[in-house]
Structure formats: structure tokens, C-alpha cells
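See below for the structure under consideration.
There are 2 protein chains.
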Amino acid sequence: MTKKSPAHELLTNLENFLAEENFGESPKELYQPIRYILSLGGKRIRPLLALLSYGLYQDDPEKILGPAAAIEVFHNFTLMHDDIMDEAPLRRGKATVHEKWNPNVAILSGDVMLVRAYDLLLKSDHQYLPEIIRLFNQTAAEVCEGQQLDMNFESLTVVEESEYINMIRLKTAVLLGHALQLGAILAGAPSRDSQLLYEFGVNIGIGFQLKDDLLDVFADQAKFGKQVGGDIISNKKTFLLIKALEAAKGQDLMELNTWLSLKEFDKTQKVNAVTALYEKLGIRKLTEEKMNFYFSKGFDQLESISFKNPDYHETLLSITQDLVHREK
Amino acid sequence: MTKKSPAHELLTNLENFLAEENFGESPKELYQPIRYILSLGGKRIRPLLALLSYGLYQDDPEKILGPAAAIEVFHNFTLMHDDIMDEAPLRRGKATVHEKWNPNVAILSGDVMLVRAYDLLLKSDHQYLPEIIRLFNQTAAEVCEGQQLDMNFESLTVVEESEYINMIRLKTAVLLGHALQLGAILAGAPSRDSQLLYEFGVNIGIGFQLKDDLLDVFADQAKFGKQVGGDIISNKKTFLLIKALEAAKGQDLMELNTWLSLKEFDKTQKVNAVTALYEKLGIRKLTEEKMNFYFSKGFDQLESISFKNPDYHETLLSITQDLVHREK
Numbered sequence: 001m002t003k004k005s006p007a008h009e010l011l012t013n014l015e016n017f018l019a020e021e022n023f024g025e026s027p028k029e030l031y032q033p034i035r036y037i038l039s040l041g042g043k044r045i046r047p048l049l050a051l052l053s054y055g056l057y058q059d060d061p062e063k064i065l066g067p068a069a070a071i072e073v074f075h076n077f078t079l080m081h082d083d084i085m086d087e088a089p090l091r092r093g094k095a096t097v098h099e100k101w102n103p104n105v106a107i108l109s110g111d112v113m114l115v116r117a118y119d120l121l122l123k124s125d126h127q128y129l130p131e132i133i134r135l136f137n138q139t140a141a142e143v144c145e146g147q148q149l150d151m152n153f154e155s156l157t158v159v160e161e162s163e164y165i166n167m168i169r170l171k172t173a174v175l176l177g178h179a180l181q182l183g184a185i186l187a188g189a190p191s192r193d194s195q196l197l198y199e200f201g202v203n204i205g206i207g208f209q210l211k212d213d214l215l216d217v218f219a220d221q222a223k224f225g226k227q228v229g230g231d232i233i234s235n236k237k238t239f240l241l242i243k244a245l246e247a248a249k250g251q252d253l254m255e256l257n258t259w260l261s262l263k264e265f266d267k268t269q270k271v272n273a274v275t276a277l278y279e280k281l282g283i284r285k286l287t288e289e290k291m292n293f294y295f296s297k298g299f300d301q302l303e304s305i306s307f308k309n310p311d312y313h314e315t316l317l318s319i320t321q322d323l324v325h326r327e328k
Numbered sequence: 001m002t003k004k005s006p007a008h009e010l011l012t013n014l015e016n017f018l019a020e021e022n023f024g025e026s027p028k029e030l031y032q033p034i035r036y037i038l039s040l041g042g043k044r045i046r047p048l049l050a051l052l053s054y055g056l057y058q059d060d061p062e063k064i065l066g067p068a069a070a071i072e073v074f075h076n077f078t079l080m081h082d083d084i085m086d087e088a089p090l091r092r093g094k095a096t097v098h099e100k101w102n103p104n105v106a107i108l109s110g111d112v113m114l115v116r117a118y119d120l121l122l123k124s125d126h127q128y129l130p131e132i133i134r135l136f137n138q139t140a141a142e143v144c145e146g147q148q149l150d151m152n153f154e155s156l157t158v159v160e161e162s163e164y165i166n167m168i169r170l171k172t173a174v175l176l177g178h179a180l181q182l183g184a185i186l187a188g189a190p191s192r193d194s195q196l197l198y199e200f201g202v203n204i205g206i207g208f209q210l211k212d213d214l215l216d217v218f219a220d221q222a223k224f225g226k227q228v229g230g231d232i233i234s235n236k237k238t239f240l241l242i243k244a245l246e247a248a249k250g251q252d253l254m255e256l257n258t259w260l261s262l263k264e265f266d267k268t269q270k271v272n273a274v275t276a277l278y279e280k281l282g283i284r285k286l287t288e289e290k291m292n293f294y295f296s297k298g299f300d301q302l303e304s305i306s307f308k309n310p311d312y313h314e315t316l317l318s319i320t321q322d323l324v325h326r327e328k
């Protein structure tokens with residue numbers, strides 16, 4: 001019989017911690033949106049990574065629920081502000097904060113969330129504070145840089161592969177890396193390990209985003225939460241589109257550019273046509289290869305750390321492998 | 001011959017420090033607005049208060065240029081986000097960030113500014129980090145609360161005096177208090193003193209805002225930077241309007257309410273009529289008394305601290321007195 005995974009209990013403790021945390025009460029327009037966005041759920045993957053990373057080296061991960069929660073609160077702050085910028089009406093199937101209240105509430109409530117993330121970071125062993133705040137700041141600024149690059153890409157005709165990888169690294173991957181690094185630092189892990197865990201997180205984070213790009217086109221609609229082909233319909237500059245624009249020649253390129261320029265079109269027809277072009281141009285395979293490159297680079301890094309608790313290592317591996325193999 | 005005030009040199013050092021600080025470079029949409037808003041100037045009163053407060057107890061205030069700059073960067077972050085919410089076209093006579101770029105840039109660039117403020121706080125003696133970050137966080141959240149209350153007041157018919165005082169305390173005064181407290185803590189001042197300096201800052205901060213409300217109505221237009229009567233024209237719920245609505249009866253109240261409800265009006269006529277009502281109802285005197293109450297409470301607190309360097313005490317007193325007596 002295998003030992004029960006520690007993930008379930010950690011997640012329960014984390015939810016209780018978040019539910020009991022006092023973010024503030026008045027004025028309610030400022031604090032209700034914080035509760036609201038945190039209540040929309042999500043996998044809590046980032047704080048879980050921090051807790052598991054800590055658990056590789058120490059037996060009491062509940063000691064770092066505060067800083068682990070800081071990562072989740074920060075992540076939700078970025079969602080609240082990104083949703084304003086992206087004019088997103090829905091987040092996890094519910095109205096976004098700027099829709100349910102208004103954009104000003106979403107700006108200001110997000111600002112307070114960022115401040116509260118620093119409050120939660122303070123709930124750490126103070127000997128580590130200068131280092132973890134410095135690294136948190138660096139990551140936070142990079143996440144903002146990624147969001148700005150993503151917005152800039154919307155108005156560019158050509159985006160290079162390296163620019164795209166850099167954007168998703170900043171916007172998505174570094175926060176996963178930072179979560180793992182944070183747990184390791186707070187556990188007093190060797191700095192070689194906290195660095196390897198950071199790079200593991202960054203590499204699988206890039207892989208996850210490439211997986212997202214793939215699923216948006218090739219997922220099984222019966223299993224997928226969103227509309228398959230949403231990125232194609234909106235001309236989103238994903239890895240697939242960037243590579244297709246690089247690879248397509250002659251008739252294929254004309255066809256692709258026509259679909260990109262049409263203001264009115266049948267959605268199913270466009271999705272089918274562009275998907276067929278992706279297949280024809282070998283983009284699916286190429287993206288899978290790129291994704292697997294980052295995954296295997298990451299898992300090699302995870303394998304090369306020293307650790308004390310093998311059950312945490314196993315859980316970390318199994319949770320990230322589940323994300324690698326997800327179909328939605 | 002009196003000794004030269006230390007303020008001038010401190011301000012020069014602060015400007016140099018800000019000019020040399022690396023906030024980031026790329027993407028430029030994220031970082032240029034930070035440089036831009038900081039270059040619009042301002043009196044730098046908050047970092048100066050922090051430096052002077054430190055100087056009361058220690059001879060090397062240039063040691064805390066980083067955390068002092070953090071207060072100024074935080075203040076400018078709040079201006080950048082407030083300007084979006086208030087739809088302000090101008091800041092110190094120049095285009096606001098959301099006008100010069102766009103609101104998304106102003107949101108995201110502001111977010112990074114807040115993160116950079118924490119980076120600057122890290123440039124402190126690390127023994128004080130937990131305390132100063134905790135107090136900074138509390139102040140930052142309160143400033144957001146004040147901004148939310150200010151926005152809420154716009155759609156309220158009645159605002160109580162105590163609600164108004166609380167709003168300006170949060171939105172404006174606590175940051176002045178925090179700047180002074182920060183300097184004192186970093187100088188290792190007795191905690192009684194850092195608390196008294198905080199309260200001094202809060203009380204004079206409330207007084208300064210009441211002074212702003214008064215100047216907007218009663219300033220000499222030849223000396224005043226803005227249009228005298230701007231608050232009257234926009235029905236802004238200032239201390240004067242709140243007290244006038246409390247005090248006015250019969251014909252006066254009808255006249256005041258008429259001016260408040262008119263959608264189209266002659267600006268000069270409205271300003272003259274409401275100003276005359278304020279005088280008739282004794283609102284000017286009443287506001288001056290309230291303002292002086294906070295000023296004298298604050299200066300009593302400043303007088304009761306122990307300090308080492310009398311020239312810094314003198315400078316602190318003279319700089320705040322200049323603000324008390326300003327005509328613009």
C-alpha cells in the first residue's frame with residue numbers, strides 16, 4: 001500500500017488558512033472583491049508547489065502557509081488586473097471583478113491584494129525575509145513585464161519564437177519557479193537545490209503554456225472546458241500561429257493570412273481550416289516537441305536535487321506529471 | 001549666522017538617488033511611465049520628512065535614501081492609479097500617464113511601481129525590515145481605503161464630518177505620518193518618539209487637506225496655481241461643503257441645493273454665490289478653527305519628542321510651518 005499523498009491535506013490546510021485570513025472589511029468595495037476572486041477556486045497549484053518544495057526538506061510545511069498563500073494572493077491580484085486590461089467578462093465561469101463591480105474597484109482592490117501578499121510574506125521566518133522579498137519583487141515585476149509584452153504582441157504583425165517563449169516565461173512560468181524556490185529557501189535547502197527547483201518550475205511552466213496553446217486547438221471538445229479553437233477565432237498569437245506563419249509558403253500562407261484578415265467569418269469553418277493548416281505544416285508535432293523539450297529539461301532538474309522526504313518528491317512529480325498529461 | 005538648513009542637501013541627494021535608481025528598461029511601456037511621473041516633480045515632502053525624522057536621531061540621513069525614496073515611489077504609484085480612476089487629464093500641468101499612454105499601461109506600470117517601492121524598502125538595515133514592511137503595508141492599505149471612500153462619497157448625498165476627516169486621514173495623512181515614523185524607526189529612535197512623530201504627521205496631514213479645501217475657495221487667484229473655486233464648480237464634497245450643508249437652513253439651504261443641482265450654470269456666478277454662502281454661514285472660520293486644531297495638536301506632539309540634532313528639529317518645524325502658511 002502506498003503512503004497517502006500529502007497534497008490533499010496541504011490543500012485543505014491552505015483553503016482553511018485563506019478562509020480565515022483577515023484581508024480587511026471596510027470599505028466593502030475594497031475587500032469583498034478579494035474574497036470573491038479567491039472564492040472562485042482554481043487548482044491552487046502555486047501555493048501547493050511552495051508547500052511541497054518545503055516538504056522535500058522539512059516535515060512541517062504548515063509552517064509556511066502564510067508565504068505560500070502570498071503566492072496565491074499575488075496570482076489572483078494579477079488575474080484581477082489582467083481581466084480589466086483584457087476586458088474579460090468571465091473568470092472561471094463567473095463575472096470578473098470589473099464586471100461585477102466596476103474597473104475602478106478592480107484596480108484598487110487589486111492594489112490592496114498586492115499589499116496583502118506582502119503581509120502574508122511577513123509570516124515567514126524573518127531570517128529569510130530580505131531574500132524572499134527580493135526574489136518575490138523580481139518575480140512580480142517579471143510577471144508584469146510578461147503581461148505588457150503579451151499586450152504588445154496583439155498589435156505586432158510578426159512575433160519571433162524566442163520573443164514568445166520569453167513572454168510566456170515571464171507572464172506564467174517564473175511564478176511557478178518562484179513558488180518552488182520560496183518553499184526551498186524557507187526550508188533552508190541548499191541554494192543549488194532552490195535554484196534547480198526554480199528552473200524546474202520555469203521549464204515546466206513554459207511547457208504548460210505550450211500545452212495550453214495545443215489544447216486550445218486539439219483538445220477533445222467533450223473534455224475541454226472552453227470552446228476548442230478559441231485562440232484561432234480571436235487570432236491569438238500562440239506558439240502555433242507564430243510557427244505556422246514562419247513555416248507557411250505560397251498557397252498555405254495566403255490562406256492563413258486570409259483567415260487572419262477576415263472580419264466576418266463562419267467560426268467553425270475558420271477553426272477547421274486553420275487547424276488543418278497547422279496539421280499540414282507539422283505545427284502540432286513541432287509544438288509537442290518544443291513542449292516536451294521544456295518538460296524533460298524541467299524533470300531532469302527535479303531529479304538532480306537532493307531531498308530528505310521521498311513522499312514529497314513523489315507527490316511533486318505526480319502532481320506536475322498530471323498537469324503534463326491533462327486533457328483540459 | 002544661522003546654520004544652513006539640511007533640507008536642501010537632502011533633497012538634492014534624493015533627486016540624484018531617484019535619477020540613478022534602475023526601475024527597469026524593457027518593455028518600455030512598463031518603465032517609461034515610472035520615469036515620467038517621477039520627473040513631473042513635486043515637493044518630495046514625504047521622503048524629506050522621512051530623512052529629517054531620521055536626522056533628528058542620527059547624523060547620516062543619506063543612509064536611508066532608499067526607504068525614503070520608497071515612500072515617494074509609492075506616493076507616485078497612488079497618483080498614477082488615482083488619475084485613472086478620477087479620469088484626470090493633467091498632473092502638475094502635464095498629461096497623466098493614462099492619457100499619454102493608455103489606461104492599461106497606467107494600471108500595469110503602477111503595479112510595477114508598487115513592487116519597486118518594496119525593492120527600495122529592502123535598502124534598509126535588515127533588523128528593521130519586518131517592522132517597517134508591516135507598517136508600510138498597513139499604511140498602503142489605508143491609503144487605498146481612503147481613495148475608495150473618496151470615490152464612494154461622490155455618490156452620497158450626505159457625508160458626516162467624522163467620515164470626511166477619516167477619509168482624508170486615510171487618503172492623505174497616514175502616509176505623512178508613516179514617512180516620519182519610518183525615519184525614526186530606522187534611526188533607532190525610542191518607540192514613544194516614532195509614535196509621536198507618526199501622530200504629528202497624521203495631524204498636520206489632516207490640517208494640510210483642510211488647508212487645501214480652504215485655498216480652493218479663498219486663495220488669491222494671482223498666487224494660486226489652479227482655478228479658485230474648482231471644488232465648488234465640481235460639487236466636490238469638501239469639508240466646507242459638508243459643514244455648509246449641515247449649517248444652512250431655509251433660504252440659504254435652498255440656494256445651496258439649487259447650485260448643487262444645476263447642470264448648466266455660469267461658473268463665476270456659482271463660485272461667487274457659494275463662496276458668499278460659506279462666508280455668511282461662518283464656514284470659513286469654522287474650517288480654519290478645525291484646521292488649526294489639527295495643526296496645534298500635531299506641533300504639540302512634535303514638541304514633546306526627545307531628539308539629538310536640534311538643527312533637524314528646527315528644519316522639520318520650519319518646513320511644516322511653511323506648508324501651514326502656504327498660499328497656493
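Listed in order, the protein sequences are those of chains X and Z.
Numbering-wise (the working numbering), the first sequence opens with residue 1 and increments by one.
Numbering-wise (the working numbering), the second sequence opens with residue 1 and increments by one.
Don't be surprised by glycine CBs; every beta carbon is placed ideally from N, CA and C.
Residue nearest to Glu255(X) in terms of C-alpha spacing, selected from Gly230(X), Glu314(X) and Leu281(X) | Among Gly230(X), Glu314(X) and Leu281(X), the Cα nearest to that of Glu255(X) belongs to Leu281(X).
Would Glu99(X) count as contacting chain Z if we go by Cβ distances under 7 Å?
-> So, not an interface residue.
task: With distances taken Cα to Cα, identify the nearest neighbour of Tyr148(Z) among Gly110(X), Val158(X) and Pro89(X).
output: The identity of residue 148(Z) in the sequence shown is Gln, whereas the question assumes Tyr. Comparing Cα positions, the closest option is Gly110(X).
State the DSSP-derived secondary structure class of Arg46(X), mapped to helix, strand or coil. Helix, per DSSP.
Discussion item. Quick check on DSSP: helix, strand or coil for Ala187(Z)?
Written reply: Note: Ala187(Z) maps to coil in three-state DSSP.
task: Measure the CB-CB distance between Ile84(X) and His81(Z) and report whether it falls below 7 Å.
output: It is not a contact, given that the beta carbons lie outside the stated cut-off.
Query raised in the report: In terms of alpha-carbon separation, which member of Val105(X), Trp259(X), Arg116(X) and Gly41(X) lies closest to Glu29(X)?
Result: Minimum Cα-Cα distance from Glu29(X) among the listed residues Val105(X), Trp259(X), Arg116(X) and Gly41(X) corresponds to Val105(X).
Bridge-paired residues (DSSP) for Arg91(X)
DSSP output for Arg91(X) lists Lys94(X) as bridge partner(s).
- Item | Among Pro310(Z), Gln321(Z), Gly298(Z) and Phe307(Z), the one whose alpha carbon lies nearest that of Val174(Z) | For the options Pro310(Z), Gln321(Z), Gly298(Z) and Phe307(Z), the alpha carbon positioned closest to that of Val174(Z) is the one of Gly298(Z).
Checklist entry - Using CA coordinates, which residue listed in Thr96(X), Ile132(X), Glu99(X) and Gln269(X) is at the minimum distance from Ala68(X)? => result Looking at Thr96(X), Ile132(X), Glu99(X) and Gln269(X), the one whose alpha-carbon comes closest to that of Ala68(X) is Ile132(X).
- Taking Tyr54(Z) and Ala187(Z) to be in contact with their CB atoms under 8 Å, please state how far apart those CB atoms are, rounded to whole angstroms. Yes, they are in contact, since the Cβ atoms of Tyr54(Z) and Ala187(Z) sit about 4 Å apart, within 8 Å.
Measuring straight from C-alpha to C-alpha, what distance separates Ala244(Z) and Leu277(Z)? The C-alpha of Ala244(Z) lies about 8 Å from the C-alpha of Leu277(Z).
query = Does Asp125(X) come within less than 7 Å of chain Z when only Cβ atoms are used?
reply = By this cut-off, Asp125(X) is not an interface position.
Hey, does Met1(X) have any beta-carbon neighbour from chain Z nearer than 7 Å?
-> Confidence at Met1(X) is low in this model, with a pLDDT of 36, below 50, so its placement is unreliable and no value can be given for it.
Check the Cβ-Cβ distances between Arg169(X) and every residue of chain Z, and say whether any is below 7 Å. Under the Cβ distance rule, Arg169(X) does not count among the residues neighbouring chain Z, no pair being separated by less than 7 Å.
Exercise. With DSSP run on the structure shown, which of helix, strand or coil describes Ser124(X)?
Worked result: Three-state DSSP puts Ser124(X) in coil, outside helix and strand.
Just the chain Z side, please: which residues come within less than 8 Å of Val115(X) by C-beta, in chain order? By Cβ distance, chain Z contributes Leu114, Asn137, Ala140, Ala141 and Cys144.
Distance check for Asp231(Z) and His178(Z), CA to CA, integer angstroms please. Their backbone Cα atoms lie some 28 Å apart in a straight line.
| request: Kindly say whether Tyr118(Z), judged by its beta-carbon, lies nearer than 7 Å to any beta-carbon of chain X. | output: So yes, Tyr118(Z) belongs to the interface.
* Asked: Should Leu262(X) go down as buried or exposed, given a rule of 16 or more other Cβ atoms within 10 Å for buried?
  -> Exposed.
(message) Looking only at its chain, what residues have a beta carbon closer than 8 Å to the beta carbon of Arg44(Z), apart from the 5 residues adjacent to it on each side?
(response) Annotation for Arg44(Z): Leu11, Leu14, Glu15 and Glu72 place their beta carbon closer than 8 Å to its own, counting only its chain and skipping 5 residues before and after.
- request: May I ask which residues mark the beginning and end of the alpha helix (DSSP H) holding Gly146(X)?
  value: Here the alpha helix (DSSP H) through Gly146(X) covers Leu129 to Glu154.
Practice problem: Determine the DSSP secondary structure at Pro6(Z), reduced to helix, strand or coil. | Solution: Coil.
Just verifying my parser: in three-state terms, what is the DSSP assignment at Lys171(X)?
Annotated three-state conformation of Lys171(X) is helix, per DSSP.
Would Ala189(X) pass as a contact of Tyr294(X) if the rule is Cβ separation under 7 Å?
Not closer than 7 Å, so no.
In chain order, what residues of the same chain have a beta carbon less than 7 Å from the beta carbon of Asp329(Z), not counting five sequence neighbours either side? An answer regarding residue 329(Z) cannot be provided, because it is not within the stretch 1 to 328 covered by chain Z.
So Gln32(X) contacts chain Z; which residues on that side make the cut at Cβ distance below 9 Å? Neighbours of Gln32(X) on chain Z: none; closest Cβ ~11 Å, over 9 Å.
Starting from the beta carbon of Ile133(Z), find every residue of chain X whose beta carbon is closer than 7 Å, and list them in chain order.
Result: Tyr118 and Leu122.
*asked:* Residues of chain Z with CB closer than 8 Å to the CB of His81(X), please, in chain order.
replied: Listed along the chain, the chain Z residues whose CB falls inside 8 Å of the CB of His81(X) are Ile107, Leu108 and Asp111.
Cβ-based contacts, 9 Å cut-off: residues of the segment 33 to 50 of chain Z near chain X
Going along the segment 33 to 50 of chain Z in chain order, one finds no residue with a Cβ nearer than 9 Å to chain X.
Exercise. Does the segment 33 to 47 of chain X come close enough to the segment 158 to 168 of chain Z to have 3 or more Cβ pairs within less than 8 Å?
Worked result: They do not touch, by the three-pair rule.
Which of the three DSSP states is assigned to Trp101(Z) in this structure? Trp101(Z) falls in the coil class under three-state DSSP.
Kindly indicate which residue of Pro61(X), Leu79(X), Ala50(X) and Leu286(X) has the alpha-carbon position closest to the one of Pro33(X). Considering only alpha carbons, the answer is Leu79(X).
Could you check the C-alpha separation between Glu99(Z) and Pro89(Z) for me, to the nearest Å?
In a straight line, the C-alpha of Glu99(Z) is about 6 Å away from that of Pro89(Z).
Worksheet item: Given 8 Å as the limit, is there contact between the segment 134 to 143 of chain X and the segment 111 to 130 of chain Z, that is, 3 or more CB pairs closer than that?
Response: Judged by Cβ distances under 8 Å, the segment 134 to 143 of chain X makes contact with the segment 111 to 130 of chain Z, as three or more pairs qualify.
Span of the alpha helix (DSSP H), counted from its first residue to its last, around Ile37(X)
That run of the alpha helix (DSSP H) goes Lys28 to Ser39.
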